[in-house]
Structure formats: structure tokens, C-alpha cells
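Undergrad: After the C-alpha cells below, expect a handful of questions from me.
There are 2 protein chains.
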Amino acid sequence: MEGSKSHMWLKSYRLQTPGLWVKAVLHTTGLFLMAPVLMTSTPASMCTPLKTLNDSLSHRRRYMKHNFPINYSIRVYREEIFKLSNISRMRLKVEELDDLVLQRLWFQVNQGVLKKIIRVMSERHPSRSYTAELERRFKDVEGVFVQSHPAEVFQQELPEAVQDTWDHLTEEPDRVPETDWRLVSPKSLVDNLCHTMYCLFSECFDTETRQDYCGVSRLRRGKKTSSRNTDTEPAE
Amino acid sequence: MEGSKSHMWLKSYRLQTPGLWVKAVLHTTGLFLMAPVLMTSTPASMCTPLKTLNDSLSHRRRYMKHNFPINYSIRVYREEIFKLSNISRMRLKVEELDDLVLQRLWFQVNQGVLKKIIRVMSERHPSRSYTAELERRFKDVEGVFVQSHPAEVFQQELPEAVQDTWDHLTEEPDRVPETDWRLVSPKSLVDNLCHTMYCLFSECFDTETRQDYCGVSRLRRGKKTSSRNTDTEPAE
């Protein structure tokens, strides 16, 4: 399901913010009444592949923790530790940050993360086929994401802070300074993928099955974070 | 099957060489004609548990390689890399080195190695029960080994070079200098255990099923090492 556009948009930098583009369309078409529908951050078509991905993610404890040695960690870029706190920080740092920008970043980060996890396993590792399935399902979501938005969305300039993160993610490994590498467990990386998915595509997950993972909405609603299962809490 | 003596002998240092003790018995009893039988380095009773251990070891590729991440390594003491070349070196270094001394060292080294491999896995790791079985079978062999020899054998002084190795093996981890640690894959460690077992307890393995793993006999017989399966060759 991976569309031909998906590779293209992952390589497009320094474009305009999607928020501005949506506003421009609304102005020229005069469809202000449709604004709440158009402005929703997750197209409904994404919910099916996202839920399928979520089904796979529910087995991550077994495949990303038990099947690996105790304290095993993978070397990743600092920016690949993309947690709920990073989303909150970016939202505070960048004014009127569009969810679509964060969603694009989510795809870019986790594409690299899944690749790195797969690379540490031989074909016969008991978590190999699970992770390959996770990657396939992730690409299915990405395909629908790309198809659900006009190509121009992915050519729009990113805010500077997001662009900096993006640039670091796409840096050649041998040009990354030693201080920009981190050692993280596979389970933590997939936990991050999962929790940020609940936050950035919250419309697809009902409030009963998902917890309130989105940093900003947690702050707004004044909920306590202590009730969350610390076992699945990602560690840096 | 682990006898009560087995713990005791693992803690006894600076004793006399077993070779001298066997010779003393031979002199006092005058049983020179029986010397070839008494001098055999592996008591026949050890063959059954050794073969059982060997059965488990035949699955080491799957459980010690495939179930671990690529290039995964365990931190061990330098002396825990106890390979065929170490045996050859010790035999060259120490004159008239008794096989019993090397066998005692083999038990001491691999007891620690198996413990360290088990420690890196959680209860639910797919290689955990295999390694626990390996350890049980290893202890069975050790039990028979201890029971097959008079207690005095284990109180005899070790040659200086062997004693030094032994002392390093029993050193407290926090007192081991950084330069004395090595990173080795679990598969290499278990390969070492296996190949040195074939060498030190060769009487228990028939020439068809085992290869000629013993460094000294290889040199004596002038065999080429290139015919050995390089895939199972331990790497330092």
C-alpha cells in the first residue's frame, strides 16, 4: 500500500506549513462551514490501518523485551527518541504547530527506528517476523496518510525547530557526532512509537481502550500521569 | 547429582599436582602394570553425563546465536575465553601438565561462563530454559568428576601458570582491571566450552562423531585445521 508519493515526501524539506495551505484553500473556496471537517488532523481512512498497527503493537512486550537480552540497547540518533515530552516541547516552542507536521515527523522518525530494530536481528531471531510485520503495517498507514492529503501538503516548509530535527534524522551516520548518539532498548523505542501514535492520531482510538497519551491534552485536562502503567513508560 | 565435594574443590588453591599424587599411589602400591588404566584422564563414569551434555550442546547454534541480536556480546574475564589454543599454550608452558589440572580449570571456567550467559536473559527469553538445562547437565558432569577422584586430588597444588589463571577467574568483579575484561558472543563462549570438552575428555567421544579438537594431538598427528567447520570456530 505504500504510495509512490511516500518516498518523495520524506525527502522534501524547507516547505510551507500545512496549516497555511489549508487556510488558503478555505479562503479561495469559501468553504468556511466545512472547516471543522477539513481541519481534523487524522483522515478517517487512516483509522483502519492504524488500528491494525495497534493490534501488532499490543504484543510488543513479548517481542521487544522478553526476546532480547536484559539491558540490551540499540544505537540511535538522539532525535529518534521521539516521546510524548518531545511533542509537548515542540508545541510549546513552535506557535500554532500543525498536527500534520508532527505526524510527518512521526512517520520519518519511526521509519528509521523500525529499520534499526530489524537490522540487529538475523532472519531466524524469534522477533524478526514480528518486527517485519510491524514495519509492513507501519508502511500501510504511511501509504494511506500520503494518499489522504494533496501532494502539496508534503512540499510545504516545516517550522525551523521541526526542520532541524528532520535534518538530523536524515544525516549520514558517519557524519553524526558521537554526542548525538543514544543507546535505547528496542522496547522503549516501540513504546515511544505507540504512545506518540495515540497522541497524534487520537481520533482513531476510543477513549476507553487508549489512555490519554497526548502531553498537551493531559496538561489541559489536568490529569495525573501517575496512573499510567510505568512498565510501558519509555526510558531515554 | 552435584556432590557436596564439588563446591569445596572449586575453592581449593595452591595444592599439589594430581600427576604427582597418582605417581605416589602407583609407587606405594607397586601397581605399575595398571598404570595405563589408572593414568587415563577421563573416568569412564563421566562419559554418560558428558554425552548428555554434548546432546544439549548440539543445539547451541539456535539458542546461542539465532535467539540473540547480531553482534551481541557478553562481558567476561579475559580468562573465561578458554579455547583450544589456551590448552596448547599451557601444555607448552607447564612441563608434564596433567590433564586432570586442565579438566579442573575447564569446570571452573565454564561454571562462570554459563552463569554469565544465564544472567543476561529474563525468565521468558527463548534461550533461557535451554541454558538452564545446559547448566544442569554441566553440574551433573561435575558431580561425577568429583566423585570419581579421591578428595585429595582437589587439594593438590596447581602449577603456577594454572594457579594464576584460576586466581583471576575467582577475582571479585569490581577488582578486575578494565583491561582484563573482554566482550564475547554467547555462541563463541559455548563453542569454547564444547571444543575444549572434546579435547579434555576425548576418551568419551568416538573419533567418528567428534573431530580432533585437541591442539596438542593435532600438532602431533600433523593434521590440518582448515578442514574444521569455521562456522563453529570460536572467536575471541
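Taken in order, these protein sequences are the chains called D and H.
Okay, so the first sequence: first residue is 1 according to the numbering used here, each after it adds one.
Okay, so the second sequence: first residue is 237 according to the numbering used here, each after it adds one.
Glycine included, each C-beta is placed from N, C-alpha and C at the ideal position.
How big is the Cα-Cα spacing for H/Tyr313 and H/Arg360?
TA: 26 Å
Undergrad: Mind checking if D/Leu150 is an interface residue toward chain H, Cβ cutoff 9 Å exclusive?
TA: Reading off the sequence shown, one finds Pro at residue 150 of chain D, where the question assumed Leu. Taking Cβ atoms only, chain H never reaches closer than 9 Å to D/Pro150, which makes this a no.
Undergrad: Taking the alpha carbon of D/Ser129 as the point to measure from, which residue in D/Phe154, D/Glu142, D/Asn67 and D/Arg91 has its own alpha carbon closest?
TA: D/Asn67
Undergrad: Tell me which residue opens and which closes the beta strand (DSSP E) that H/Leu419 is part of.
TA: Trp417 to Val420
Undergrad: For H/Val345, write down the residues that DSSP places opposite it in a beta bridge.
TA: Beta-bridge pairing links H/Val345 to no other residue.
Undergrad: Pull up the distance between the alpha-carbon of H/Ser358 and that of D/Ile70, whole angstroms please.
TA: If I take the Cα positions, the gap works out to 6 Å.
Undergrad: Determine whether the Cβ of H/Tyr308 lies closer than 9 Å to any Cβ atom of chain D.
TA: yes
Undergrad: When you compare each of H/Glu316, H/Leu320, H/Ser438 and H/Leu286 to H/Pro422 by their alpha carbons, which one comes out closest?
TA: H/Glu316
Undergrad: Within 9 Å of any Cβ in chain D, is that where the Cβ of H/Thr288 sits?
TA: no
Undergrad: Evaluate D/Lys115 with the Cβ neighbour count: other Cβ atoms within 10 Å of its Cβ, from every protein chain shown; 16 or more gives buried, anything less gives exposed.
TA: exposed
Undergrad: Only counting the same chain, and skipping five residues up and downstream in sequence, which positions put a Cβ closer than 6 Å to that of D/Thr28?
TA: Residue placement at D/Thr28 is poorly supported in this model, since its pLDDT is 42, which falls under 50; the coordinates still yield a value, given next. Result list for D/Thr28: empty, nothing under 6 Å.
Undergrad: I want to verify the contact list: residues of chain H whose CB lies under 7 Å from the CB of D/Phe68, in sequence order.
TA: Pro305
Undergrad: To the nearest angstrom, how far is the alpha carbon of D/Thr170 from that of D/Gly112?
TA: 9 Å
Undergrad: Am I right that H/Ile323 and H/Val356 are in contact with their C-beta atoms under 8 Å? What's the rounded C-beta distance?
TA: The Cβ separation is near 26 Å, so there is no contact.
Undergrad: Counting only runs that start and end within the region 308–365 of chain H, where is the alpha helix (DSSP H) found for 4 or more residues in a row?
TA: 320–329 and 335–355
Undergrad: Pull up the distance between the alpha-carbon of H/Glu378 and that of H/Ser438, whole angstroms please.
TA: Roughly 16 Å between the two C-alpha positions.
Undergrad: Using the beta-carbon count (16 or more within 10 Å), is H/Thr367 buried or exposed?
TA: buried
Undergrad: Closer than 9 Å, Cβ to any Cβ of chain D: which residues of the region 348–360 of chain H, in chain order?
TA: Arg355, Val356, Met357, Ser358, Glu359 and Arg360
Undergrad: Cα separation between D/Lys139 and D/Met46?
TA: 12 Å
Undergrad: Pick from D/Cys204, D/His195, D/Asp206 and D/Val184: whose alpha carbon is nearest that of D/Ser85?
TA: The shortest C-alpha to C-alpha distance from D/Ser85 to any of D/Cys204, D/His195, D/Asp206 and D/Val184 is the one to D/His195.
Undergrad: If you draw a straight line from the alpha carbon of H/Val412 to that of D/Lys83, how long is it in whole angstroms?
TA: 38 Å
Undergrad: Does any CB atom of chain D fall closer than 9 Å to the CB of H/Pro285?
TA: no
Undergrad: Kindly indicate which three-state DSSP category D/Pro177 falls into: helix, strand or coil?
TA: coil
Undergrad: Alpha carbon to alpha carbon, what distance is there between H/Val426 and H/Trp417?
TA: So the two alpha carbons sit approximately 18 Å from each other.
Undergrad: Just how far apart, CA to CA, sit D/Arg61 and D/Pro49?
TA: 21 Å
Undergrad: Find the residues of chain D that neighbour H/Pro362, judging by a C-beta separation of less than 7 Å, and give them in chain order.
TA: Asn67 and Pro126
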